[in-house]
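In this note's numbering, the protein residues as written are 9 to 395.
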């Protein structure tokens with residue numbers, strides 16, 4: 009049997025791939041350690057890529073709305089200053105929001121949490137009084153109360169021992185905490201600087217990536233890979249932008265409604281619901297559960313009213329606000345959204361819930377296009393054969 013050079017080349021490549029696969033399977037533990045080491049080194053730049061993604065969205069917004077034409081090619085001076093000025097404004101806006109949260113919202117949340125301890129301390133005697141009144145004329149409750157004897161001294165001693173053990177463990181791990189904090193700060197600084205460079209030179213980086221893609225991949229695959237990256241960027245951008253705007257609107261709605269009806273912990277619950285609303289489907293209900301529990305400590309009837317208010321606002325948000333703010337930005341049916349959230353939460357927790365919706369949306373879009381193209385080709389083939 010005669011084998012040409014192209015066939016021999018494919019056979020050699022297949023043998024090499026098989027050998028590498030066998031070596032990787034035999035030494036999988038070493039491979040995992042090497043991958044973890046490389047990931048640890050590259051983590052600041054991966055973090056910088058994520059920061060650049062968010063920072064670029066805000067910078068592009070200011071470029072469009074402050075300087076008109078996106079890149080200002082017709083005016084050289086404006087074109088040179090548009091990107092740096094927009095980037096500086098974006099950084100100031102982002103740090104301004106962080107400053108507002110850290111120095112305005114957080115102190116109020118701290119006061120709320122401190123007051124919550126006193127509320128719980130006052131709530132426990134009320135519960136005891138309510139239980140005593142309930143069991144006054146109830147023989148079964150009286151029997152349970154007599155049989156249930158609680159040794160409060162033992163309970164207090166257990167709590168004190170737990171606090172002392174926790175304090176000693178905390179002191180012993182201070183070095184590890186400081187080391188982790190320094191590492192996190194350094195990674196963030198490196199990632200942030202890297203993100204600024206990426207945003208300032210994104211057109212140049214895009215051209216270089218396109219050239220590398222055309223040089224390394226066959227022509228028929230290069231365009232497809234570039235289109236997939238473009239689809240990925242648009243899907244993630246639309247999803248996160250829509251989720252953030254929708255969460256802020258929902259949190260503001262709760263803050264206004266809770267102040268109108270006189271519910272306690274308005275700031276705490278509104279901020280909590282705004283953050284948890286970033287998690288699709290389940291997030292707002294987590295905020296509702298915590299908010300209802302906090303209000304229950306103060307007034308059980310208000311807790312019931314809060315749940316009713318939550319259901320009403322959730323219907324308004326789901327039927328009117330969400331379709332207009334987020335809409336069909338990810339192009340994913342509700343059934344697949346539920347599957348993506350469940351799968352992402354099982355694999356990666358809260359982060360998985362956030363990123364799996366756009367990931368599944370991209371896979372859904374690509375698979376739908378693949379199926380439609382195959383059906384179109386089969387239809388053309390059938391028409392050509394006269395079927």
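Even for Gly, the Cβ is constructed at its ideal location relative to N, Cα and C.
Mind checking residue 2: buried by the 16 CB within 10 Å criterion, or exposed? The structure shown does not extend to residue 2, since the chain is modelled only from 9 through 395, so no value can be given for it.
Going along the chain, which unbroken runs of the beta strand (DSSP E) with 3 or more residues stay wholly within the stretch 36-67? none
Can you grab the Cα-Cα spacing for the pair residue 288 / residue 250, in whole Å? 11 Å
Contact under 8 Å by Cβ, residue 255 with residue 266: no
Starting from residue 277 and walking both ways along the alpha helix (DSSP H), at which residues does that stretch end? 274-284
Determine contact between the stretch 185-201 and the stretch 40-49, defined as no fewer than three beta-carbon pairs at a distance below 8 Å. No, because fewer than three Cβ pairs between the stretch 185-201 and the stretch 40-49 fall closer than 8 Å, the two stretches do not touch.
Whose C-alpha, out of 292, 36 and 211, is nearest the C-alpha of residue 91? 211
Hey, is the stretch 91-104 in contact with the stretch 58-66, meaning 3+ C-beta pairs nearer than 8 Å? A contact between stretches requires three or more CB pairs, one per stretch, nearer than 8 Å, and the stretch 91-104 meets this requirement with the stretch 58-66.
Since residue 261 is in the alpha helix (DSSP H), which residue starts that stretch and which ends it? 227-268
Rounded to the nearest angstrom, how far is the Cβ of residue 292 from that of residue 285, given a contact under 8 Å? 5 Å
Helix or strand or just coil, what does DSSP make of residue 310? helix
Look at the Cβ atom of residue 300, then the Cβ atom of residue 283, and state whether they are nearer than 8 Å. Going by C-beta atoms, residue 300 is not nearer than 8 Å to residue 283.
Tell me whether residue 354 sits in a helix, a strand or coil according to DSSP, three-state version. helix
For the alpha helix (DSSP H) containing residue 305, list its first residue and its last residue. From DSSP, residue 305 is part of no alpha helix (DSSP H); its letter is neither H nor E.
Mapping the DSSP letters down to three states, classify residue 92 as helix, strand or coil. helix
Identify whether residue 209 lies in helix, strand or coil by the three-state DSSP scheme. coil
Once DSSP output is grouped into helix, strand and coil, what is the label at residue 288? Three-state DSSP puts residue 288 in coil, outside helix and strand.
Same chain, Cβ closer than 8 Å to residue 53, five either side skipped, listed in chain order: Cβ contact annotation for residue 53 (same chain, cutoff 8 Å, sequence separation greater than five): 198, 199 and 202, in chain order.
Could you tell me how far apart the beta carbons of residue 295 and residue 281 are, in whole angstroms, since I believe they sit closer than 8 Å? 4 Å
As assigned by DSSP and simplified to three states, the class of residue 341: Assigned with DSSP and collapsed to three states, residue 341 falls in coil, not helix or strand.
Output yes if chain D places a C-beta closer than 8 Å to the C-beta of residue 287; else output no. Of the protein chains in the structure, only one exists, and it is not chain D.
If you drop the 5 nearest sequence neighbours on each side, which residues of the same chain put their C-beta closer than 8 Å to that of residue 258? 281, 282, 285, 292, 321, 325 and 329
Roughly how many angstroms lie between the CA atoms of residue 111 and residue 101, to the nearest whole one? If you draw a straight line from the Cα of residue 111 to the Cα of residue 101, it comes to about 15 Å.
Just checking, does the stretch 298-312 make contact with the stretch 360-375 on the three C-beta pairs under 8 Å criterion? no
Using the beta-carbon count (16 or more within 10 Å), is residue 417 buried or exposed? Any answer about residue 417 is impossible in this case: the structure gives the chain only from 9 up to 395.
Nearest-angstrom Cβ-Cβ length linking residue 39 and residue 32, presumed shorter than 8 Å: With 8 Å as the limit, residue 39 and residue 32 qualify as a contact, their Cβ atoms being about 5 Å apart.
Are the Cβ atoms of residue 349 and residue 365 separated by less than 8 Å? The answer is yes: Cβ separation under 8 Å.
Do you know offhand how far residue 389's Cα is from residue 358's? 47 Å
Rounded to the nearest angstrom, what separates residue 75 and residue 225 at their Cα positions? 37 Å
Run the CB neighbour count on residue 341, radius 10 Å, all protein chains shown included, and call it buried at 16 or more, exposed below. exposed
Could you check if residue 391 is buried or exposed, using at least 16 other CB atoms within 10 Å of its CB as the buried criterion? That one is exposed.
Roughly how many angstroms separate the alpha carbons of residue 89 and residue 204, rounded to a whole number? 15 Å
Cβ-based neighbour list, residue 57, same chain, cut-off 6 Å, excluding 5 preceding and 5 following: none
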